[in-house]
Amino acid sequence: MTSAHDFAWADLRVFCEVARLGSFTAAAEPLGYTQPGVSRRIAALERTVGGPLFARQARGVRLTPVGEALHRHAVDILGRLEAAAAEMSAVSRGTAGRLRIGSFHSANAALVPATLRRFINDFPLVETNIHEAVSPELLDALRGGTLDVAVVSDYPSGALDADSVRLIHLLDDPLLVALPRTHPFANAAAVHLRDLAEETWIQASPQPLLLAACARAGFQPSKFIDVHSWIAKPGFVAAGLGISLLPGLAVAAMRADIAIVPVLDEIAPRQVFATVLAQDAPSPAAAAFITYLQEWHSPECVRNSLSGR
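Here the sequence shown stands for residues 1 to 309, where the numbers follow the UniProt record's numbering.
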């Protein structure tokens, strides 16, 4: 009884070429075989199926009923194998396959969407998935094999656990201050934190970065509204209820009825990295995405802050 594993891919290819051209001799040249070599392949296949696949004629050959049955399946099998080979080749080049991207919240305001749009335009056959989380969770997902690349952030304190991952520096993200449009400093080129000593701060608690920066500026803020969401904070600012520190990457998603002003004090910017597993070379698709991340240009107000405006 014939089973699927009895068929050799090379034999089926020879068989289909003979069926297409109707001749052992004609099939030999495009296959790179001699005519006797083609005959031996067909004879081996006929022994496997237990009967003749071709009826020999004065001029060439034609398929027997058994040959016609095999031909229908062989064409499908060879087509699937060719498609598999083409897909594997495309994946190895980075032009197909899947790319699983992780990113922290404010990176999804502009950096990741702009990069993803460019990537999708250039690699439309790559399936992309986005997972949003805080940086430590993204690194855990990367180590767990559920992400191919992660965009994470860290402050110079180096609290982020980068064990077994490779950090690729993308940019330094400055902190700015969001003010109500009616605020005296709303139109200022920049502002000192000490000039904001009496303000109410709309920040998520705890506020170690804010407290440390204010301490260096010579005061301790005492009035807070505890708000965590980047969507909610601008609403409180626009309502005139207080002011808020804002990462530069989040500027692109801010509403128009608040003012964004650079801070003159030395507040160490957070660093933003693309990360991949240290022990593995990134896939071609991941490598291309990281290159596009590196080529991203920040909004004008962020560049101004970085230049010390």
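We put the beta carbon where it would ideally sit given N, CA and C, even for glycine.
Tell me the residue span of the alpha helix (DSSP H) that contains residue i.
i    : result
A119 : In the sequence on display, residue 119 carries Phe and not Ala. First-last of the alpha helix (DSSP H) with F119: L111 to D122.
R216 : P208 to A217
By the three-class DSSP mapping on this structure, what secondary structure does residue i have?
i    : result
R41  : helix
V14  : helix
E137 : helix
T34  : coil
T48  : helix
A239 : coil
H192 : coil
I231 : coil
R270 : strand
L70  : helix
N129 : strand
L160 : coil
A8   : coil
L264 : coil
L277 : strand
D154 : strand
A259 : strand
S23  : coil
M254 : coil
N108 : helix
A197 : coil
M1   : Note on M1: pLDDT 44, under 50, position unreliable in the model; the coordinate value appears next. M1 falls in the coil class under three-state DSSP.
A85  : helix
A186 : coil
L78  : helix
Comparing C-alpha positions only, which one of the options sits nearest to residue i?
i           : options                  : result
residue 311 : P262, E137 and F119      : The first residue shown for the chain is 1 and the last is 309, placing residue 311 beyond what the model contains.
A43         : R194, V14, E29 and H71   : V14
N121        : A285, Q294 and H297      : A285
R59         : A114, F24 and R41        : F24
L81         : F119, Q279 and A8        : A8
A253        : G218, P221, E46 and N108 : N108
L293        : T115, H73 and K233       : T115
P52         : G37, A69 and T200        : A69
S106        : K233, I290, A256 and A26 : K233
A159        : P208, F119 and R98       : P208
Where do the ends of the beta strand (DSSP E) carrying residue i lie?
i    : result
F289 : F289 -> not in any beta strand (DSSP E); alpha helix (DSSP H) instead, spanning P284 to Q294.
F224 : K223 to D226
D172 : V165 to D173
T182 : Element bounds for T182: n/a, residue is neither H nor E.
S103 : G97 to S103
R62  : V61 to L63
L147 : It is not in any beta strand (DSSP E) - L147 carries neither H nor E in the DSSP assignment.
L245 : S244 to P247
Q203 : T200 to Q203
A55  : F54 to R56
Report yes if the CB atom of residue i is closer than 9 Å to the CB atom of residue j, and no otherwise.
i    : j    : result
I258 : R181 : yes
R241 : L176 : Here the sequence assigns Leu to residue 241, which means Arg is not the residue at that position. No, Cβ-Cβ distance for L241 and L176 is not below 9 Å.
V75  : V49  : no
V151 : I101 : yes
L264 : H192 : yes
D161 : R270 : no
V251 : A83  : no
V276 : V126 : no
L63  : A19  : yes
F219 : S205 : no
R166 : A268 : no
G37  : A28  : yes
W201 : P184 : no
A274 : V237 : no
Let me see if you follow: with CB-CB separation under 9 Å, is residue i close to chain C or not?
i    : result
E198 : Structure shown: chain C not included; a single protein chain is present.
Does the distance between the C-beta of residue i and the nearest non-hydrogen atom of the ligand GTP fall short of 8 Å?
i   : result
G22 : Looking at this structure, you won't find the ligand GTP or any other ligand, since it has none at all.
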